[in-house]
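Peer 1: Listed in order, the protein sequences are those of chains W and Y.
Under the working numbering, the first residue of the first sequence carries the number 45, and numbering increases by one thereafter.
Under the working numbering, the first residue of the second sequence carries the number 729, and numbering increases by one thereafter.
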Amino acid sequence: MTLNEIVQKLISKFPDNILDSNPEGVEPFIKVAPSDIFDIIKFLKEDPEIDLSFLNLITGVDWNQDNRIEVVYHLSSVAFQSHKLAIHAFLDRKAPRIPSICGLYGAANWHERETYDLLGVEFEGHPDMRRMLLPDDWEGHPLRKDYQFPEEYHGIKWA
Amino acid sequence: MPYTDRKDYCASINENFGCCLAVEKLLGCEIPERADYLRVIMAELNRIASHLLVTGVFGLDTGAFTPMLHTFRERERVLDLFEEICGARLTYHYIRIGGVSQDAPEGWLNRVREFLDYFEPKIDEYNQLLSENTIFINRTANIGVLTPEVAINFGCSGPMLRGSGVKWDLRKNDPYSIYDRFDFDIPVGTGEKGAVGDCWDRYMVRIREMVQSVRIIRQAVDGITEGPIKAKLPRVLKVPQGEAYTRSETPRGEVGFYIVSTGEDKAYRMRLRSPSFCNLSVLAEISQGSMIADLVCILGSVDIILGDVDR
């Protein structure tokens, strides 16, 4: 299948939740409504003709000018070399919440934890939503554009 | 750019490579042919150096001291070649956006050929010393078995994935740079000594990959052309608005660079998908039910670089 056909199939299956798509660009992507991310990715993973069974990465981008946080999923296929797709979902910056896809990919666990740690996105249904890289009692999420680096941490000051 | 050197310090050149590919994808710039060849030669030499390190250290993990002395002796020769071309022995920063930093000095390509002639028979030596060693086989076969389904599900890549018998190498399956011009095979784990995807398979894939790297370098050294080594780019790069995700094969697996640009001279957001991070996440899954003493062995065969895990 070409990426165009994949996206057409997806749109016919989820007509209301695919907000935008560009399967023929340099970086093929679709934009989806965050509430249905689990079902959409499940369909992409489990349809044998699409087989996006390899999760490359999950990450987030803070667009503080627009008051949004974007979560990006990069999926690819092991069976079909040309199948690569980025999935974007935009969340409200004040309370970013999105369903977790840990049930689909084991790899999602650590990626979602890192996104939570650095950008503060809550993944609903994640089995272990703790910080990944920073200490558990750290305050704030450092990759937010308005983050202020703390003066000290438990009496340790940075020069 | 120099940060990518420090991320996976055992495979700096492969990391540089991936980063440059992402920026060049956004810029849409063409790379001179000679630079492409130099990149491939250096990347494959670095792959050999990195696999040598892992092989030796994995021997140490399982209680074999001597193989490390042998692999480090050969690694030293690779580092000498690196020092000659770019002046550094650890953080090379050799591959630059648009090309490479320096051309090969006179006679360097011949010295690469000499190294390959010297190195190829040494691989048999490692097999005699370590791969076929009964104690080593007893410690690694059937230990930490990673099935292909779990490997794909957890996003494992590189020797981890191939050790489980999945024929997947981005140099072949999603060719970047000029890798489609070379003839080489993808070694996969076959479960010769135990189950498919055990520690021995992962180890052996690395040994066999070194043979393939030697093949690639030979073809590249023979095919290299004369010409410029850098594309003409302005001093301050303003990358056009947009985003790019590129993936490339490092000795540890798939490294991905995701860059979001808003048209400034700095990236708005950059996220690295590092192979060690994803490979390490499967550790809990594959070590369940094994002995504590085997954990060292499993961790050694996963081959993590901690700089690559926490970036």
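For glycine and all other residues, C-beta sits at the position ideal for the given N, C-alpha and C.
#1: Measuring only between beta-carbons, confirm whether N108 (chain W) sits less than 8 Å from chain Y.
#2: State the CB to CB distance for the pair V916 (chain Y) and R890 (chain Y), rounded to an integer number of angstroms; the pair is presumed to be in contact (CB under 8 Å).
#3: Give me whichever residues DSSP pairs with W107 (chain W) in a beta bridge.
#4: With H, G and I counted as helix, E and B as strand and the rest as coil, what does DSSP make of H798 (chain Y)?
#5: Does any CB atom of chain W fall closer than 8 Å to the CB of K753 (chain Y)?
#6: Would you kindly work out how many angstroms separate the C-alpha atoms of E802 (chain Y) and I102 (chain W), rounded to a whole number?
#7: Going by Cα to Cα distance, which pick from W:D60, W:K128, W:S65 and W:L88 is closest to Y973 (chain Y)?
#8: For A1047 (chain Y) and F847 (chain Y), I'd like the C-alpha separation in whole angstroms.
#9: Scan the stretch 74-105 of chain W for residues whose Cβ lies nearer than 7 Å to a Cβ of chain Y and list them as they occur along the chain.
#10: Taking the alpha-carbon positions, what's the M998 (chain Y) to K921 (chain Y) distance?
#11: Grab me the residues of P956 (chain Y)'s own chain with a C-beta within less than 8 Å of its C-beta, minus the 5 sequence neighbours each way, in chain order.
#12: Can a CB atom of chain W be found closer than 8 Å to the CB of Y701 (chain Y)?
#13: Between T783 (chain Y) and T799 (chain Y), which are expected to be in contact by the criterion C-beta below 8 Å, what is the C-beta distance as a whole number of angstroms?
#14: Can you tell me where the beta strand (DSSP E) with A972 (chain Y) in it begins and where it stops?
#15: Any contact of the stretch 967-982 of chain Y with the stretch 898-916 of chain Y, i.e. 3+ C-beta pairs under 8 Å?
#16: Taking 7 Å as the cut-off, does the CB of I957 (chain Y) come closer than this to any heavy atom belonging to the ligand HEM?
#17: Does any residue of chain Y bring its CB to less than 8 Å from the CB of E156 (chain W)?
#18: Of all Cβ atoms in chain W, is any one closer than 8 Å to the Cβ of R997 (chain Y)?
#19: What is the rounded straight-line gap between the Cα of P887 (chain Y) and the Cα of T46 (chain W)?
Peer 2: Looking at the coordinates:
#1: Working through the first sequence from its first residue, we reach residue 108 (chain W) at position 64. Not one chain Y Cβ lies under 8 Å of N108 (chain W).
#2: Residue mapping note: residue 916 (chain Y) aligns to position 188 of the second sequence, counting from 1. Residue mapping note: residue 890 (chain Y) aligns to position 162 of the second sequence, counting from 1. The pair is a contact, with the Cβ atoms about 5 Å apart (cut-off 8 Å).
#3: As a first step, residue 107 (chain W) must be located in the first sequence, where it is residue number 63. In DSSP, W107 (chain W) forms a bridge with W:R112.
#4: The count along the second sequence starts at 1 and reaches residue 798 (chain Y) at position 70. In the three-state reduction of the DSSP assignment, H798 (chain Y) falls in the helix class, which pools H, G and I.
#5: As a first step, residue 753 (chain Y) must be located in the second sequence, where it is residue number 25. Yes, K753 (chain Y) counts as interfacial toward chain W.
#6: For the purposes of this step, residue 802 (chain Y) is taken as the residue at position 74 of the second sequence. For the purposes of this step, residue 102 (chain W) is taken as the residue at position 58 of the first sequence. Going from the Cα of E802 (chain Y) to the Cα of I102 (chain W) covers about 39 Å.
#7: Position 245 of the second sequence, counting from 1, holds the residue named residue 973 (chain Y). Cα-wise, what sits closest to Y973 (chain Y) is W:K128.
#8: In the structure as shown, chain Y begins at 729 and stops at 1039. Residue 1047 (chain Y) is therefore absent and cannot be evaluated.
#9: Those would be S97, F98, L99, N100, L101, T103 and V105, in chain order.
#10: Residue 998 (chain Y) sits at position 270 when you count from the first residue of the second sequence. Residue 921 (chain Y) sits at position 193 when you count from the first residue of the second sequence. The straight-line gap separating the alpha-carbon atoms of M998 (chain Y) and K921 (chain Y) is approximately 42 Å.
#11: On the second sequence, position 228 is the one that residue 956 (chain Y) refers to. Counting only Cβ-Cβ distances below 8 Å, and skipping sequence neighbours, we find P760, R762, A763 and G827.
#12: Nothing about residue 701 (chain Y) can be read from this structure; chain Y reaches only from 729 to 1039.
#13: Within the second sequence, numbered from 1, the residue matching residue 783 (chain Y) stands at position 55. Within the second sequence, numbered from 1, the residue matching residue 799 (chain Y) stands at position 71. Confirmed, about 5 Å.
#14: Within the second sequence, residue 972 (chain Y) is the residue found at index 244, counting from 1. Unbroken beta strand (DSSP E) run through A972 (chain Y): G970 to T978.
#15: The stretch 967-982 of chain Y makes contact with the stretch 898-916 of chain Y, as at least three CB pairs between them are under 8 Å.
#16: Looking at this structure, you won't find the ligand HEM or any other ligand, since it has none at all.
#17: In the first sequence, the residue the question calls residue 156 (chain W) occupies position 112. Taking Cβ atoms only, chain Y never reaches closer than 8 Å to E156 (chain W), which makes this a no.
#18: Taking the second sequence and counting its residues from 1, one reaches residue 997 (chain Y) at position 269. Chain W, which has a Cβ nearer than 8 Å to the Cβ of R997 (chain Y), makes this yes.
#19: Here the question's residue 887 (chain Y) lines up with position 159 in the second sequence. Here the question's residue 46 (chain W) lines up with position 2 in the first sequence. Using only the alpha carbons, I get a separation of about 29 Å.
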